[in-house]
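In the UniProt record's numbering, the protein residues as written are 1 to 330.
Put into structure tokens, the structure is as follows:
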């Protein structure tokens, strides 16, 4: 059977919705619902629900909702949250660092279990992965927690045939303890997507040794049938170096240039979809210093007036990066 063209009508829609999680999960077309905030509300007893412990800036955040055009099925999977619509799947895993033996071991265990499960579930192609962990830049040199996470992720992934998924790795602004939880969730599919790279940047998986013993294992963006354009966590990086150190507005502008470069790469890769690509973006903005959020948001709303935005207090994987943006295009 031939794969669907990349410009096929979207089968998955992403929205930010101010509603109770239980009300959203009662809707038959919902594949996944994500809540945000430092303290979780009472957790709905539904595998499609996941709370991400990032404090929203500017008031409570709405839920992020993934809606399918097909019938959603929720299935039991040992130690994982899992739902699918026959074409796309949501899966999530949480690993306690102390029980696993530290962030490196927790990362390896999470990825090994997640990839093994996806490989047997029929949804063997991870398109987009999110990773949230405490104190991401804690530690010096190769002992930095993000570097250890990258080593464990690579071991858990094993040999990756073809291409990496698009991805985000963000730090919660709290100290790492034995009770810290590594949270990984994924949008996967039966069909592979098309990984995109940014010509303005060195591919993350080709970073030089100065960034750690294991380069980060992700693509800059992903195009896939039935899904909006997926942006990885994108920041003020040109080549492989941080640009505009200490200048939050210049970093914001550089990040927007990088996002536009990914849109352009998508247009080049899929000419039939070019006219519609990024007609509407939906974005999450991770901000290191909450006091700088108002200036960041004002610039983003000037440049992207129709884009739904969520802003969170979070740490970025480099201490000199002041913000990171991820999300979906059209």
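For glycine and all other residues, C-beta sits at the position ideal for the given N, C-alpha and C.
Since this is a predicted model, take the numbers as computed values, not measurements.
DSSP three-state assignment for residue i, whether helix, strand or coil
i, result
"residue 5", "In this predicted model, residue 5 has a pLDDT of only 42, less than 50, meaning its place in the structure is not dependable enough to derive any value."
"residue 35", "strand"
"residue 29", "coil"
"residue 210", "helix"
"residue 40", "coil"
"residue 189", "strand"
"residue 195", "strand"
"residue 23", "helix"
"residue 281", "coil"
"residue 320", "coil"
"residue 46", "coil"
Residue nearest to residue i in terms of C-alpha spacing, selected from the options
i, options, result
"residue 315", "188, 287 and 218", "287"
"residue 69", "31, 98, 102 and 82", "31"
"residue 73", "186, 57 and 85", "85"
"residue 232", "168, 157 and 284", "168"
"residue 11", "238, 296, 224 and 326", "224"
"residue 300", "251, 62 and 228", "251"
"residue 62", "302, 325, 308 and 329", "308"
"residue 196", "264, 71 and 23", "264"
"residue 162", "64, 95 and 127", "127"
"residue 132", "38, 303 and 22", "38"
"residue 154", "226, 50 and 103", "103"
"residue 281", "270, 212, 306 and 50", "306"
"residue 82", "229, 35, 130 and 188", "188"
"residue 50", "144, 91, 215 and 19", "91"
Cβ shell of residue i (< 7 Å), same chain only, five flanking positions each side left out
i, result
"residue 336", "Here the chain comprises residues numbered 1 to 330, so residue 336 is not present and cannot be evaluated."
"residue 292", "248 and 322"
"residue 93", "79, 80, 110, 113, 114 and 184"
"residue 244", "236, 250, 251 and 254"
Strand pairing of residue i, partner residues [DSSP]
i, result
"residue 231", "221 and 327"
"residue 312", "56 and 286"
"residue 82", "91"
"residue 336", "The requested residue 336 does not occur in the structure, where the chain is confined to residues 1 to 330."
"residue 141", "Looking at the DSSP assignment, residue 141 forms no beta bridge with any residue, so it has no partner."
"residue 127", "Residue 127 is not bridged to any residue."
"residue 205", "Its beta-bridge partners do not exist; DSSP assigns none."
Range of the contiguous beta strand (DSSP E) that encloses residue i
i, result
"residue 12", "12 to 17"
"residue 76", "No beta strand (DSSP E) contains residue 76, which DSSP labels as neither H nor E."
"residue 64", "63 to 68"
"residue 171", "166 to 172"
Limits of the alpha helix (DSSP H) - the one that residue i falls within
i, result
"residue 248", "248 to 269"
"residue 293", "293 to 303"
"residue 146", "145 to 157"
"residue 119", "103 to 121"
"residue 100", "97 to 100"
Close Cβ partners of residue i (< 6 Å) along its chain, the five nearest in sequence each way excluded
i, result
"residue 46", "25"
"residue 234", "255, 258, 259 and 325"
beta-carbon residue i near the ligand NAD non-hydrogen atom, thresh 8 Å
i, result
"residue 323", "By its list of ligands, the structure shown contains no ligand whatsoever, and the ligand NAD lies outside what it can speak to."
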